[in-house]
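Engineer: In our numbering, the protein residues as written are 469 to 784.
#1: For residue 715, which residues of its own chain have a beta-carbon under 6 Å away from its beta-carbon, when the five flanking residues on both sides are left out?
#2: Does the distance from the CB of residue 564 to the CB of residue 552 come in under 8 Å?
#3: Could you spell out the range, first to last residue, of the beta strand (DSSP E) harbouring residue 586?
#4: Using a 10 Å radius around the Cβ and a threshold of 16 neighbouring Cβ atoms, would you call residue 663 buried or exposed?
#5: Let's see if you can read the secondary structure: which residues bound the beta strand (DSSP E) around residue 611?
#6: Starting from residue 714, trace the alpha helix (DSSP H) in both directions and tell me its first and last residue.
#7: Can you tell me whether residue 673 is helix, strand or coil according to DSSP?
#8: Any idea if residue 587 is buried or exposed, counting beta-carbon neighbours within 10 angstroms, 16 or more meaning buried?
#9: Buried or exposed: residue 711, going by 16 or more other Cβ atoms within 10 Å of its Cβ?
#10: Buried or exposed, going by whether 16 or more other CB atoms sit within 10 Å of the CB of residue 632?
#11: So for residue 501, helix, strand or coil by DSSP?
#12: Can you grab the Cα-Cα spacing for the pair residue 471 / residue 644, in whole Å?
#13: May I ask you to report which of helix, strand or coil DSSP gives residue 856?
#14: In whole angstroms, what separates the C-alpha of residue 630 from that of residue 693?
#15: Could you check which residue in 476, 769 and 547 has the C-alpha nearest to that of residue 687?
#16: Name, in chain order, the residues that DSSP records as bridge partners for residue 491.
#17: For residue 674, which residues in the same chain have their Cβ closer than 7 Å to its Cβ, ignoring the five residues on either side in sequence?
#18: Here's the rule I'm using: 16 or more other beta-carbon atoms within 10 Å means buried, otherwise exposed. How should residue 496 be labelled?
#19: Helix, strand or coil: how does DSSP classify residue 761 here?
#20: What first and last residue would you give for the alpha helix (DSSP H) that runs through residue 686?
#21: Compute the beta-carbon to beta-carbon distance between residue 535 and residue 567, rounded to the nearest angstrom, for a pair I have assumed lies under 8 Å.
#22: Measuring CA to CA, which of 634, 605 and 597 is closest to residue 622?
#23: Going along the chain, which residues of its own chain have a beta-carbon closer than 8 Å to the beta-carbon of residue 696, five neighbours each way excluded?
#24: What three-state label does DSSP hand residue 772 in the structure shown?
#25: Hey, residue 612 and residue 637: beta-carbon distance below 8 Å or not?
#26: Measure how close the beta-carbons of residue 579 and residue 609 come, nearest whole angstrom, since I'm counting them as under 8 Å.
#27: I'd like to confirm the pairing. Which residues does DSSP put opposite residue 641 in its beta bridges?
#28: Comparing C-alpha positions only, which one of 549, 602, 660 and 681 sits nearest to residue 476?
#29: Rounded to whole angstroms, what is the Cα-Cα separation between residue 478 and residue 626?
#30: Can residue 658 and residue 639 be called in contact, C-beta distance under 8 Å?
#31: Would you identify the three-state DSSP class for residue 604, choosing helix, strand or coil?
#32: Based on the DSSP secondary-structure assignment, which residues constitute the bridge partners of residue 579?
#33: For residue 730, tell me which candidate among 474, 614, 487 and 593 has the shortest Cα-Cα distance.
#34: Taking the continuous alpha helix (DSSP H) assigned at residue 518, which residues delimit it?
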């Protein structure tokens, strides 16, 4: 299955969400919940694409078999009308190649490859890692630069070098190095997607084309409106939307992002379920705060106890 964007500047559209992986109450995979959540995000919230099995999808604690199952469930649900990008990045190049090939076999439209974490490779190692994964399949590749998690950044010169690969087409940028990103947009054709919702607007000013978001689970339409307003020349309107969304953009990360996202989704009555250890459930105070943050950004969420019975997988 292949999909192509109508705008070559945006190989995966404007609005992409790094989707959570719903689990049942016992911690097992809820593939039906994943399909339902993906359908709601695409058909009701206007998402152009979804990242499956990324960090927000708790890829560190899902097996390769589970990764394949949730990817296939989402592809079956929305793959004919949205870009489905498979997270395949690990700190083992051979394992990432295996995941990329499995994702291509399942029908994914692209691969997200995060900087290898923990083992701190030099930049030459990053070039080899990214190139080998891109060589392994015909999938377009989005790199993911997030030194806050990986420790090692993808240096500007490294990005310029790997951008020469015909299948490395995009970058999820969560580094907040605006000077470096500006040089990348000046020297390459990489499509830059914000990897941190609160810096989406400033990244647009230096050439970004969209976002791979997390609060966009519940604030996707408003975020897309902000991007479109900026691109239409309505900078004041885009800034007003940015200011309106700031409480949510920040609130989802008051603690670890998956914890807060799943808490917010449960309050909204959407499939989510618990997180897997070593993550832990949101506290009552954190749940109350995410409700306040969402309300400040214009979205009233339900009561956790009231919503839990709608989705037995909810973490209570």
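Yeah, the Cβ is synthetic: ideal placement off N, Cα and C, and Gly gets one too.
Structural biologist: According to the data block:
#1: 761, 764 and 765
#2: no
#3: Unbroken run through residue 586: none, as it is neither H nor E.
#4: Burial call: buried.
#5: 609-613
#6: 703-719
#7: helix
#8: Using a 10 angstroms sphere on the CB of residue 587, the tally of other CB atoms stays under 16, which defines it as exposed.
#9: exposed
#10: exposed
#11: helix
#12: Between residue 471 and residue 644, the C-alpha separation is close to 30 Å.
#13: One cannot answer for residue 856 here, as it falls past the ends of the chain, which runs 469 to 784.
#14: Rounded to whole angstroms, residue 630 to residue 693 spans 32 Å at the Cα level.
#15: The shortest C-alpha separation from residue 687 is found at 769.
#16: DSSP output for residue 491 lists 497 as bridge partner(s).
#17: 646, 649, 650 and 653
#18: exposed
#19: helix
#20: 684-699
#21: 7 Å
#22: 597
#23: Closer than 8 Å at Cβ, skipping near neighbours: 482.
#24: Only weak support exists for where residue 772 lies, its pLDDT of 45 falling under 50; the coordinates are left without a value.
#25: Note that the C-beta distance between residue 612 and residue 637 is not below 8 Å.
#26: 5 Å
#27: 613 and 662
#28: 660
#29: 21 Å
#30: yes
#31: helix
#32: Looking at the DSSP assignment, residue 579 forms a beta bridge with 554 and 609.
#33: 487
#34: Looking at the DSSP string, residue 518 is not in any alpha helix (DSSP H); the run it does join, the beta strand (DSSP E), is 517-520.
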